[in-house]
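Note sheet for the following structure.
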Amino acid sequence: MTAARTVPGERAERTEGRPSPAAAAADAIRSGRAVLGIELGSTRIKACLIGDDPAATIAAGSHAWENEFVDRLWTYSLEDVWTGIQAAYADLVVDVRRRYDVPLTELGAVGVSAMMHGYLAFDENDQQLVPFRTWRNTNTARAAAELSELFGVNIPLRWSVAHLYQAVLDSEPHVPYVSFLTTLAGYVHWQLTGRKVLGVGDASGMFPIGASPLGYDAELLARFDERVGEAGIHLADLLPEVLVAGERAGELTAEGAALLDTSGALQPGAPFCAPEGDAGTGMVATNAVAPRTGNVSAGTSIFAMVVLEHALQRSHEELDLVTTPSGDPVAMVHCNNGASEFAAWAGMFARFAEVAGMHLDADAVYEALLTEALNGDADAGGLLAYNYLAGEPITGTEEGRPLFVRTPDSAFTLANAIRAQLYGVFGTLSLGMRVLADEGVALDRMHAHGGVFRTAGVAQRFLAAALDAPVAVGESAAEGGAWGIAVLAAYAREVTSVIGSGGASAASAAASGTSTGAASGASTGTASGARTVAASGAQAAAPPSLASYLDDRVFRDAPVQVTEPVTSDVAGFAAYLDRYRSGLAVERAAIDAL
Numbered sequence: 121m122t123a124a125r126t127v128p129g130e131r132a133e134r135t136e137g138r139p140s141p142a143a144a145a146a147d148a149i150r151s152g153r154a155v156l157g158i159e160l161g162s163t164r165i166k167a168c169l170i171g172d173d174p175a176a177t178i179a180a181g182s183h184a185w186e187n188e189f190v191d192r193l194w195t196y197s198l199e200d201v202w203t204g205i206q207a208a209y210a211d212l213v214v215d216v217r218r219r220y221d222v223p224l225t226e227l228g229a230v231g232v233s234a235m236m237h238g239y240l241a242f243d244e245n246d247q248q249l250v251p252f253r254t255w256r257n258t259n260t261a262r263a264a265a266e267l268s269e270l271f272g273v274n275i276p277l278r279w280s281v282a283h284l285y286q287a288v289l290d291s292e293p294h295v296p297y298v299s300f301l302t303t304l305a306g307y308v309h310w311q312l313t314g315r316k317v318l319g320v321g322d323a324s325g326m327f328p329i330g331a332s333p334l335g336y337d338a339e340l341l342a343r344f345d346e347r348v349g350e351a352g353i354h355l356a357d358l359l360p361e362v363l364v365a366g367e368r369a370g371e372l373t374a375e376g377a378a379l380l381d382t383s384g385a386l387q388p389g390a391p392f393c394a395p396e397g398d399a400g401t402g403m404v405a406t407n408a409v410a411p412r413t414g415n416v417s418a419g420t421s422i423f424a425m426v427v428l429e430h431a432l433q434r435s436h437e438e439l440d441l442v443t444t445p446s447g448d449p450v451a452m453v454h455c456n457n458g459a460s461e462f463a464a465w466a467g468m469f470a471r472f473a474e475v476a477g478m479h480l481d482a483d484a485v486y487e488a489l490l491t492e493a494l495n496g497d498a499d500a501g502g503l504l505a506y507n508y509l510a511g512e513p514i515t516g517t518e519e520g521r522p523l524f525v526r527t528p529d530s531a532f533t534l535a536n537a538i539r540a541q542l543y544g545v546f547g548t549l550s551l552g553m554r555v556l557a558d559e560g561v562a563l564d565r566m567h568a569h570g571g572v573f574r575t576a577g578v579a580q581r582f583l584a585a586a587l588d589a590p591v592a593v594g595e596s597a598a599e600g601g602a603w604g605i606a607v608l609a610a611y612a613r614e615v616t617s618v619i620g621s622g623g624a625s626a627a628s629a630a631a632s633g634t635s636t637g638a639a640s641g642a643s644t645g646t647a648s649g650a651r652t653v654a655a656s657g658a659q660a661a662a663p664p665s666l667a668s669y670l671d672d673r674v675f676r677d678a679p680v681q682v683t684e685p686v687t688s689d690v691a692g693f694a695a696y697l698d699r700y701r702s703g704l705a706v707e708r709a710a711i712d713a714l
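121 is the number of the first residue of the sequence shown in this note's numbering; add one for each residue after it.
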């Protein structure tokens, strides 16, 4: 249900006495009201600019990058982080000039988002201690298992606290020097503003969040400190400050402006919202921040988020408990492997077309393959695909071996092969979602975004079959995270303006939504309710909650396509999933043998 639409770049001045969308966008840029969102995804860094209408993207830029496998760990260098951000921002500036013929020198607000979790450790002199260890690494199995038992809640392998504890268990020499831990979004935000803060959604992927007060769970922090006593770690001192959506999180410094815009044109002073993870911005970009809503984001990884009405009955190793950007509890099914293997297949077919004398761009290749998949058998003809480029904790595999498997009597056709690959994208996710169904978690509709959903009605239909639930896709399903954090920055600016005019605090906006307690599940009640609410008086205007802001300002007129599950597809996917479970033995054998 991604609402973002793009403003055309024509320079028409007025329509029926009002400025045209392009003229309004140019005025917002020229006057310093435009809002910038930056997201560092697994394969692309995106920059997105919105104007006075938060639903409309007025300019965009991007830069492709890839992780590296160094010393058996997945990483990105910090040099590549800044090279990529600067390239994406420069690309956006070029887009602004091309569309509107105006310079970009001031911003109305800024937000930074990135892939969650992982391990970025710095010493007291702010020097990086070890290369960035991303969410994709699965070397933390012992740490995650011990912490899950210690805390009584599931701690996934990719969480920051698991990485830290694994370093302690391995007696890594850098551990005594750790002074600050953060995520990728938190790091970039720190460098641009000087503030070591994190949005609660991203923070909930570092360490469990408690409800009273909203922040890291104090009891679990104490348990951790006691467990690692000999290492002399006081974890609360190492973690970023936690903020909720709507709270101001610093300003663009002169150093930060020079770091972002190497041309020197950008001026400092723009306010920032709290940095968030890609899960949180995905929820915003699909209007899935209220209970009984959820979203699926498909990229290098694939994950589903469902906002909970009530606490889960028990801990499940298949589920993360995280939060929305406002602090409401969310059950997250995260799979390390998403659409990358399918993209590799698409690349192979694109090369075949080129060798055969036909030039097809990437979109045309995807559309042809996805459309052909609709002609396949409901169960993919007995074919089986594992997209495991990396380990998959949900299925207990520590490494990945992409596999395509068939029996002699399988119906080996192009349609079935592509359908099997798409089913494989959703296979592990479906296993995790069945745990939520067994918990009685209600879901009115699932919203989906990611490039695989750009061809209308195919991946969306197969996801509806995998979840046996309606799936909604907006007209800009391939965009999301950069726009989502831009919307959060615009929301923070609006909340700040209400507070400045005598309204209640940002915390009261967060607390005005319904919530069932903290991510750690230790208590119930409004997640943000324990934060101090400082109103100027009984009649003070309250800033809108994030859910209300999205409903009223962003998604009110958003077009959306909803696909209901097809009965035959549901039965076919269920048959495929039965084979998928059985075939995991083949995947594990491949890991052992290859």
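Where is the CB? At the ideal position from N, CA and C, for every residue including glycine.
Nearest candidate by alpha-carbon position, reference residue i, set the options
| i | options | result |
| --- | --- | --- |
| residue 594 | 549, 537, 539, 676 | 676 |
| residue 209 | 193, 192, 179, 411 | 179 |
| residue 715 | 694, 283, 466 | Residue 715 is absent from the model: the chain starts at 121 and stops at 714. |
| residue 211 | 175, 431, 242, 164 | 164 |
| residue 411 | 245, 589, 565 | 565 |
| residue 343 | 504, 268, 475 | 268 |
| residue 445 | 538, 475, 380, 329 | 329 |
| residue 705 | 467, 525, 235, 197 | 525 |
| residue 302 | 662, 247, 216 | 247 |
| residue 413 | 297, 478, 425, 405 | 425 |
| residue 348 | 582, 287, 431, 405 | 287 |
| residue 543 | 517, 253, 584 | 584 |
| residue 453 | 475, 481, 399, 483 | 399 |
| residue 159 | 182, 143, 141, 139 | 182 |
| residue 289 | 522, 259, 447 | 259 |
Close beta carbons around residue i, own chain, < 8 Å, minus the five adjacent residues each side
| i | result |
| --- | --- |
| residue 388 | 371, 372, 373, 374, 376, 377 |
| residue 671 | 407 |
| residue 249 | 241, 242, 243, 294, 297, 298 |
| residue 529 | 502 |
N-terminal and C-terminal residue of the alpha helix (DSSP H) that residue i is part of
| i | result |
| --- | --- |
| residue 208 | 198 to 220 |
| residue 540 | 534 to 558 |
| residue 268 | 261 to 271 |
| residue 141 | 141 to 150 |
| residue 375 | 374 to 380 |
| residue 394 | It is not in any alpha helix (DSSP H) - residue 394 carries neither H nor E in the DSSP assignment. |
| residue 579 | 579 to 587 |
| residue 487 | 482 to 493 |
| residue 321 | 320 to 323 |
Residue range of the unbroken beta strand (DSSP E) whose run includes residue i
| i | result |
| --- | --- |
| residue 188 | 188 to 190 |
| residue 361 | 361 to 363 |
| residue 252 | Here residue 252 belongs to no beta strand (DSSP E), and DSSP marks it neither H nor E. |
| residue 435 | Unbroken run through residue 435: none, as it is neither H nor E. |
Contacts around residue i, its chain only, beta-carbon distance under 7 Å, and the 5 residues preceding and following it disregarded
| i | result |
| --- | --- |
| residue 535 | 492, 493, 495, 496 |
| residue 657 | In this predicted model, residue 657 has a pLDDT of only 44, less than 50, meaning its place in the structure is not dependable; the value taken from the coordinates is given anyway. Excluding sequence neighbours, residue 657 sits near nothing in its chain. |
| residue 650 | For residue 650, the predicted structure reports a pLDDT of 33, less than 50, and the residue's modelled location is therefore unreliable. The matter cannot be settled from this model. |
| residue 618 | 661, 663 |
DSSP bridge partner residues for residue i (one or two, in chain order)
| i | result |
| --- | --- |
| residue 473 | Answer is none; residue 473 lacks a bridge partner. |
| residue 696 | DSSP lists no partner for residue 696. |
| residue 442 | 450 |
| residue 313 | Bridge partners of residue 313: none, in fact. |
| residue 244 | The partner list for residue 244 (beta bridge, DSSP) is empty, contrary to what the question assumes. |
| residue 415 | 425, 567 |
| residue 169 | 156, 179 |
| residue 194 | 189 |
| residue 524 | 505 |
| residue 371 | 391 |
| residue 300 | 242 |
Supposed close pair residue i, residue j - CB separation, criterion 8 Å
| i | j | result |
| --- | --- | --- |
| residue 666 | residue 611 | 6 Å |
| residue 222 | residue 150 | 5 Å |
| residue 233 | residue 401 | 4 Å |
| residue 439 | residue 555 | 6 Å |
| residue 504 | residue 703 | 5 Å |
| residue 161 | residue 145 | With 8 Å as the limit, residue 161 and residue 145 do not qualify as a contact, their Cβ atoms being about 25 Å apart. |
| residue 202 | residue 379 | 7 Å |
| residue 540 | residue 500 | 4 Å |
Own chain, CB closer than 6 Å to residue i, minus 5 neighbours either side, in chain order
| i | result |
| --- | --- |
| residue 560 | none |
| residue 76 | Residue 76 lies beyond the range of the chain shown here (121 to 714); nothing can be said about it. |
| residue 148 | 154, 171, 172 |
| residue 238 | 253, 254, 255 |
Proximity test, Cβ basis, 8 Å: residue i and chain B
| i | result |
| --- | --- |
| residue 439 | No chain B is part of this structure, which consists of one protein chain only. |
Heavy atom of the ligand FAD within 7 Å of residue i beta-carbon
| i | result |
| --- | --- |
| residue 155 | This structure lacks the ligand FAD; in fact it carries no ligand of any kind. |
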